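The block underneath contains the structure these notes are about, expressed in structure tokens.
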Amino acid sequence: MRRRWAAMGLRKPSWLVWQGGCLLAGLLLCLASVLANWDFDLILQNATKRYGDLGPAKGRILAWSELIQASIDLPEGEKLTAVNRFFNRQFRFTDDIRTWRQNDYWATPVEALIKGAGDCEDYSIAKYFTLRRLGIPAEKLRITYVKALRQNQAHMVLTYYKTPTADPLVLDNLIGEIRPASQRTDLLPVYAFNAEGLYTGAKRAGDTKKLSRWQDLLKKMRAEGFAIGEG
């Protein structure tokens, strides 16, 4: 199993065209550096202007701010645990059609916290940005498309590589426990990407300038008040 994650195949199976094309315009992407401080007062102000009274969502956003403050000095492994647990508890799983009336919508962490819901992409995106904010380098994190074998459908997880050749840890909304990829025999890795590019196996297969849906996501986050660099 570990070798499957270290050497993901190049063939694109037909099931990847899932829910209107989960992968369309989404693989050759770049992810921005998010190490700058985030002004949650400004973020809440902007969210209130857009949505009106935030109700329970305000508490979820403030809890996110508190998570970051409480976790900034933790060892990396404890950061992974705290962030994975937080979003798995804050979000309930719903598909994009039900939440956004779209086949494939990439929500910002604020949008997902406003709804209190998201799909696998939204869990992975929120975890990625939060861990980057907590100082984990981009090269240790990959947003990874997999096939969830038990559900027989495409899925997205966040993977963490302690070293470039390590058995990655899988942060997943399907199960609460973070496990090594070698123990996730229910997942078949296909593609992955991070700030440095698109990966098929250990090889980098694309640059980070074809921004598409990811660029839209970064634009939305900047409008929400996040200090996000160019992707």
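Here this note's numbering is used: the first residue of the sequence shown is 1, the next is one more, and so on.
Positions of the beta carbon are idealized from the N, C-alpha and C atoms, including for glycine.
All figures in this text were calculated on a predicted structure; none of them were measured in a lab.
For Ile175, no beta strand (DSSP E) encloses it, and the DSSP letter there is neither H nor E. The C-beta of Asp122 has 16 or more other C-beta atoms within 10 Å across all chains shown, which makes the residue buried.
When only Cα atoms are considered, Leu218 and Ala82 end up about 24 Å apart. Here Gly116 is near Pro56, since their CB atoms are less than 9 Å apart. In the displayed model, Arg50 falls within a helix according to three-state DSSP.
Contact annotation: Pro164 and Ala181 have beta-carbon atoms that are not nearer than 9 Å. Leu158 is bridged by DSSP to Ile143 and Leu171. Proximity of the stretch 141 to 159 to the stretch 89 to 99 falls short of the contact definition, fewer than three beta-carbon pairs being nearer than 8 Å.
Considering only Phe40, Ile72 and Gly118, the residue with the shortest C-alpha distance to Gly59 is Phe40. Taking 9 Å as the cut-off, the beta carbon of Ala138 is found closer than this to the beta carbon of Asn194. By the neighbour-count definition (other C-beta atoms within 10 Å, threshold 16), Lys127 is a buried residue. A direct Cα-Cα distance of roughly 31 Å separates Leu44 from Glu177. One thing to note: Leu134 has its Cβ within 9 Å of the Cβ of Ser71.
DSSP, read as helix, strand or coil, puts Ala117 in strand.
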